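One structure is given below, encoded as structure tokens.
Protein chains in written order, with our numbering: chain A, 1 to 115; chain B, 116 to 230.
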């Protein structure tokens, strides 16, 4: 399967600043990537689906102006949390859609803490 | 609406015993896929097993098997011969064809394996 990396693996930032999280597909050209969010001891919630070269599709309730997603190449998608607040503290996980419908490869996740 | 339900917040099992983690799903789409993922404390999502809605036989992958009962809309994960390394959070997930390729996750079950 595809190897997916995320950078950084963890980040602490001050309230009001912006943070960029990178998701890279290391050995697979990913047309579609997903961004999920997970609060402690809770489930993964889909935030948005990003397709290379087009605008991301956001799930209901996710502010697209706050969570900026860019999927500029087949190997890189970025999530920027703008003007972060403590309630944005969470575990953010990206996933790459594989060639077969049931294949989805997850990155190791990024833990964001906003102080 | 599509939904995944995992009713067991936590399960405890002894080494070498088998354990069943429950999962029920709800969808009106005839074409869907069901997944199980393992998430250890490190946070990475590890794919375990997949079952397509049209698959006639229950999926098996090593010590993992999926007890697929379509009429009951259940997709329970059976882990045989539990090992200490199986201690983790387990998520059941579903992909519905008409909704694209993103996954809908259940709330998860924490499995603790003791010696």
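By construction, the Cβ of each residue, glycine as well, lies at the ideal position given by its N, Cα and C atoms. Computed from a prediction, not measured in an experiment: that's the story for all the values here.
Exercise for the section: Could you give the DSSP three-state label for residue 218 of chain B: helix, strand or coil? Expected result: Here the question's residue 218 of chain B lines up with position 103 in the second chain. It is coil, neither helix nor strand.
Handout entry: Residues from the segment 199–229 of chain B in contact with chain A, defined by Cβ distance under 9 Å
Key = 204, 206, 208, 210, 212, 215, 216, 217, 218, 219, 220, 221, 222, 223 and 225
Practice task
Give the residues of chain B in contact with residue 43 of chain A, contact being defined as C-beta atoms less than 7 Å apart.
Solution key: One-based indexing of the first chain puts residue 43 of chain A at position 43. Going along chain B in sequence order, the residues near residue 43 of chain A (Cβ under 7 Å) are 206, 220, 221, 222 and 223.
Practice task
Using a Cβ-Cβ cut-off of 8 Å, state whether residue 165 of chain B counts as contacting chain A.
Solution key: The residue given as residue 165 of chain B occupies position 50 in the second chain. It does: the Cβ of residue 165 of chain B has a partner Cβ on chain A nearer than 8 Å.
Practice task
Answer yes or no: does any C-beta atom of chain A fall closer than 8 Å to that of residue 132 of chain B?
Solution key: The sequence position of residue 132 of chain B within the second chain is 17, counting from 1. No, residue 132 of chain B does not count as interfacial toward chain A.
Problem - Candidates B:137, B:209 and B:230, of which the one nearest residue 45 of chain A by Cα - result: Your numbering for residue 45 of chain A matches position 45 in the first chain. Ranking B:137, B:209 and B:230 by Cα distance to residue 45 of chain A puts B:209 first.
Practice task
Quick one: give me the first and last residue of the beta strand (DSSP E) that residue 129 of chain B is part of.
Solution key: Looking up residue 129 of chain B in the second chain gives position 14. Unbroken beta strand (DSSP E) run through residue 129 of chain B: 125–129.
Exercise for the section: Could you check which residue in A:86, A:72, A:90 and A:93 has the C-alpha nearest to that of residue 29 of chain A? Expected result: By 1-based counting over the first chain, the position of residue 29 of chain A is 29. Of the candidates A:86, A:72, A:90 and A:93, the one whose C-alpha sits nearest the C-alpha of residue 29 of chain A is A:72.
Handout entry: alpha helix (DSSP H) runs contained entirely in the segment 24–51 of chain A, provided each spans 4 or more residues
Key = none
Handout entry: Identified DSSP bridge partners for residue 64 of chain A
Key = As a first step, residue 64 of chain A is located in the first chain; it is residue number 64 there, counting from the start. For residue 64 of chain A, which the question treats as bridged, DSSP gives no partner whatsoever.
Practice task
Check distances from the C-beta atoms of the segment 12–26 of chain A to those of chain B and list, in chain order, the residues that come in under 9 Å.
Solution key: none
Exercise for the section: Kindly give me the distance between the Cβ atoms of residue 117 of chain A and residue 22 of chain A, rounded to whole angstroms, as I take these residues to be in contact under 8 Å. Expected result: Since the first residue of chain A shown is 1 and the last is 115, residue 117 of chain A is not available in this structure.
Exercise for the section: Verify the CB distance criterion: does residue 49 of chain A have a CB-CB separation below 8 Å to chain B? Expected result: Within the first chain, residue 49 of chain A is the residue found at index 49, counting from 1. Yes - at least one Cβ of chain B is within 8 Å of the one on residue 49 of chain A.
Practice task
Give the single residue among B:142, B:140, B:144 and B:123 whose Cα lies nearest to the Cα of residue 134 of chain B.
Solution key: Taking the second chain and counting its residues from 1, the one referred to as residue 134 of chain B is at position 19. With distances taken between Cα atoms, residue 134 of chain B lies closest to B:123.
Practice task
Rank B:224, B:144, B:197 and B:152 by C-alpha distance to the C-alpha of residue 185 of chain B and give the top, closest one.
Solution key: Here residue 185 of chain B refers to the residue found at position 70 of the second chain. When each option's Cα is compared against that of residue 185 of chain B, the closest is B:144.
Exercise for the section: Out of A:115, A:99 and A:94, point me to the one whose CA is closest to residue 106 of chain A's CA. Expected result: The residue you call residue 106 of chain A lines up with position 106 of the first chain. Nearest C-alpha to residue 106 of chain A: A:94.
Problem - Alpha carbon of residue 152 of chain B to alpha carbon of residue 158 of chain B, nearest angstrom - result: Working through the second chain from its first residue, we reach residue 152 of chain B at position 37. Working through the second chain from its first residue, we reach residue 158 of chain B at position 43. Straight-line Cα distance between these residues: approximately 11 Å.
Exercise for the section: Rounded to whole angstroms, what's the CA-CA distance from residue 54 of chain A to residue 81 of chain A? Just pull it up for me. Expected result: For the purposes of this step, residue 54 of chain A is identified with residue 54 of the first chain, where counting begins at 1. For the purposes of this step, residue 81 of chain A is identified with residue 81 of the first chain, where counting begins at 1. Each residue's alpha carbon lies about 19 Å from the other.
Exercise for the section: Kindly say whether residue 32 of chain A, judged by its beta-carbon, lies nearer than 8 Å to any beta-carbon of chain B. Expected result: Here residue 32 of chain A is taken as the residue at index 32 of the first chain, counted from 1. Yes - at least one Cβ of chain B is within 8 Å of the one on residue 32 of chain A.
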